[in-house]
Amino acid sequence: MADTSGNNPIQSTDLPLHLLHRGKVRDNYDMGNSILMVTTDRVSAFDVVLPGAIPDKGRVLAGLSAFWFEKTRHIIRNHLLLLVKEATQLREFFPPDSTPPACLAGRSLLVRTAQRLPVEWVVRGYLSGSAWAEYSQTGRVGEYDLPSGLKESQELPAPLFTPTTKEDEGHDMPLTQSELNELIGEGMASRLKETSLAVYRFAHELALEQGIIIADTKMEFGLDGDEPILIDELLTPDSSRFWDRAAYQPGKSQPSFDKQPLRDWLVAQGWNKEPPAPQLEADVVSLTAQRYREAYHRLTGQEL
Ligand SMILES: Nc1ncnc2c1ncn2[C@@H]1O[C@H](COP(=O)(O)OP(=O)(O)O)[C@@H](O)[C@H]1O
Ligand SMILES: [Mg+2]
Numbered sequence: 017m018a019d020t021s022g023n024n025p026i027q028s029t030d031l032p033l034h035l036l037h038r039g040k041v042r043d044n045y046d047m048g049n050s051i052l053m054v055t056t057d058r059v060s061a062f063d064v065v066l067p068g069a070i071p072d073k074g075r076v077l078a079g080l081s082a083f084w085f086e087k088t089r090h091i092i093r094n095h096l097l098l099l100v101k102e103a104t105q106l107r108e109f110f111p112p113d114s115t116p117p118a119c120l121a122g123r124s125l126l127v128r129t130a131q132r133l134p135v136e137w138v139v140r141g142y143l144s145g146s147a148w149a150e151y152s153q154t155g156r157v158g159e160y161d162l163p164s165g166l167k168e169s170q171e172l173p174a175p176l177f178t179p180t181t182k183e184d185e186g187h188d189m190p191l192t193q194s195e196l197n198e199l200i201g202e203g204m205a206s207r208l209k210e211t212s213l214a215v216y217r218f219a220h221e222l223a224l225e226q227g228i229i230i231a232d233t234k235m236e237f238g239l240d241g242d243e244p245i246l247i248d249e250l251l252t253p254d255s256s257r258f259w260d261r262a263a264y265q266p267g268k269s270q271p272s273f274d275k276q277p278l279r280d281w282l283v284a285q286g287w288n289k290e291p292p293a294p295q296l297e298a299d300v301v302s303l304t305a306q307r308y309r310e311a312y313h314r315l316t317g318q319e320l
């Protein structure tokens with residue numbers, strides 16, 4: 017454990033609980049009917065986890081997920097049971113001879129265990145990233161024919177649903193509508209497609225009023241019995257592209273609201289984007305932390 021005071025960045029946790037999965041950013045512990053998802057302050061850029069951590073990033077991500085789960089409850093149920101505000105709330109899950117460390121507060125979500133559907137439900141409101149690359153070569157994105165002459169980062173005539181597989185190893189692969197139907201059944205596929213679009217539209221509109229463009233996002237669903245619920249993280253800067261509305265200029269790639277200082281710094285170091293990445297310097301760490309806190313503040317209207 018890097019720290020227990022609750023202030024220093026958390027690179028990794030080593031709790032006396034059953035570790036289910038250590039992702040790029042989150043350490044997930046199995047609690048039987050529930051999962052403790054601890055969002056660390058690890059950060060990745062250009063698909064590489066960086067040496068160094070961004071203080072408060074985990075609290076921003078966990079807090080934002082909890083915020084959006086609450087806000088979208090009228091659209092779809094979700095897996096959130098508790099955003100852990102005080103580590104002592106976790107006492108019952110820890111062995112009697114150990115104390116939940118203070119650093120878990122604010123960054124840990126207790127969620128209902130669901131049967132994961134092996135799909136990444138991707139919705140794009142703007143033409144960016146791999147969708148822009150595809151469109152500029154073929155005029156299409158996935159199965160959609162788009163009008164010609166769209167610019168990079170331009171808002172799409174309507175949000176597109178572009179699901180992919182969820183692979184445990186290697187890259188996620190695009191799914192056609194019929195492949196998706198085959199995978200999870202037509203009824204469930206069309207229901208969750210509409211739900212994904214509804215969640216995106218709702219969040220996009222809310223964020224826009226707060227000066228943030230959510231350009232695209234991916235979500236996950238799982239089954240609680242027969243009932244689909246939203247799982248994983250929701251509408252965070254790790255699962256979505258956030259842009260600053262005030263600086264938005266279609267016709268080129270947009271700076272990421274949260275990670276741009278970090279990416280610019282890495283590029284300026286001349287790093288070749290292969291691991292290991294250079295050790296992050298204090299200035300870039302603090303600039304990046306500031307961006308994450310600002311995203312939280314704008315979207316929720318609260319200080320972290
Ligand atoms: N409520 C849930 N029930 C079961 N699995 C879940 C639930 N929420 C998230 N998951 C799964 O837990 C894992 C979380 O991993 P994560 O920390 O995001 O790492 P990564 O995305 O880097 O693999 C994902 O595989 C996700 O599908
Ligand atoms: Mg993930």
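Residue numbers (the working numbering): 17 to 320. Built from N, CA and C at the ideal position, the CB exists for glycine as well.
Apply the 10 Å Cβ neighbour rule to residue i and answer buried if 16 or more other Cβ atoms are within range, or exposed otherwise.
i: Thr-154; result: exposed
i: Thr-88; result: buried
i: Gln-289; result: One point to set straight first is that residue 289 is Lys, not Gln, in the sequence displayed. Exposed.
i: Pro-25; result: buried
i: Asn-94; result: buried
i: Val-157; result: buried
Just to confirm, is the Cβ distance from residue i to residue j under 8 Å?
i: Pro-271; j: Val-300; result: no
i: Leu-120; j: Val-100; result: yes
i: Trp-84; j: Leu-250; result: yes
i: Ala-214; j: Ile-230; result: no
i: Leu-143; j: Glu-168; result: yes
i: Thr-56; j: Arg-75; result: no
i: Arg-307; j: Gly-238; result: no
i: Pro-67; j: Pro-253; result: no
i: Leu-97; j: Arg-128; result: yes
Just verifying my parser: in three-state terms, what is the DSSP assignment at residue i?
i: Tyr-264; result: coil
i: Pro-179; result: coil
i: Pro-117; result: coil
i: Gly-141; result: strand
i: Leu-125; result: strand
i: His-187; result: coil
i: His-313; result: helix
i: Val-100; result: strand
i: Arg-89; result: coil
Short of 8 Å in beta carbon distance, which residues of its chain neighbour residue i, apart from the five on each side in sequence? Order them along the chain.
i: Asn-44; result: Leu-35, Leu-36, His-37, Arg-38, Ile-51, Leu-52, Met-53 and Val-54
i: Ile-228; result: Phe-258, Trp-259, Asp-260, Arg-261, Phe-273, Ala-311, Arg-314 and Leu-315
i: Ser-114; result: Pro-32
i: Pro-175; result: Val-139, Arg-140, Gly-141, Leu-213, Tyr-216, Arg-217 and His-220
i: Glu-159; result: Thr-192 and Gln-193
Once you ignore the five residues that flank residue i on each side, which residues in its own chain have a CB closer than 7 Å to its CB?
i: Thr-20; result: Caution is warranted here: a pLDDT of 41 is assigned to Thr-20, below 50, making its placement in the model unreliable, and no coordinate value can be reported.
i: Pro-179; result: Val-135, Glu-136, Trp-137, Val-138, Leu-191 and Leu-196
i: Gly-22; result: Residue placement at Gly-22 is poorly supported in this model, since its pLDDT is 44, which falls under 50; the coordinates still yield a value, given next. Cβ neighbours of Gly-22 beyond the five flanking positions: Ala-118, Cys-119 and Ala-121.
Say whether chain B places a C-beta atom closer than 8 Å to the C-beta of residue i.
i: Thr-129; result: Here chain B cannot be found, since the structure has a single protein chain.
In its own chain, which residues sit with a C-beta less than 6 Å from the C-beta of residue i, not counting the 5 before and 5 after it?
i: Leu-303; result: Pro-277
Is the closest heavy atom of ligand 3 to the C-beta of residue i under 7 Å?
i: Gly-74; result: Judged by which ligands are present, ligand 3 is missing from the structure shown, whose ligands are ligand 1 and ligand 2.
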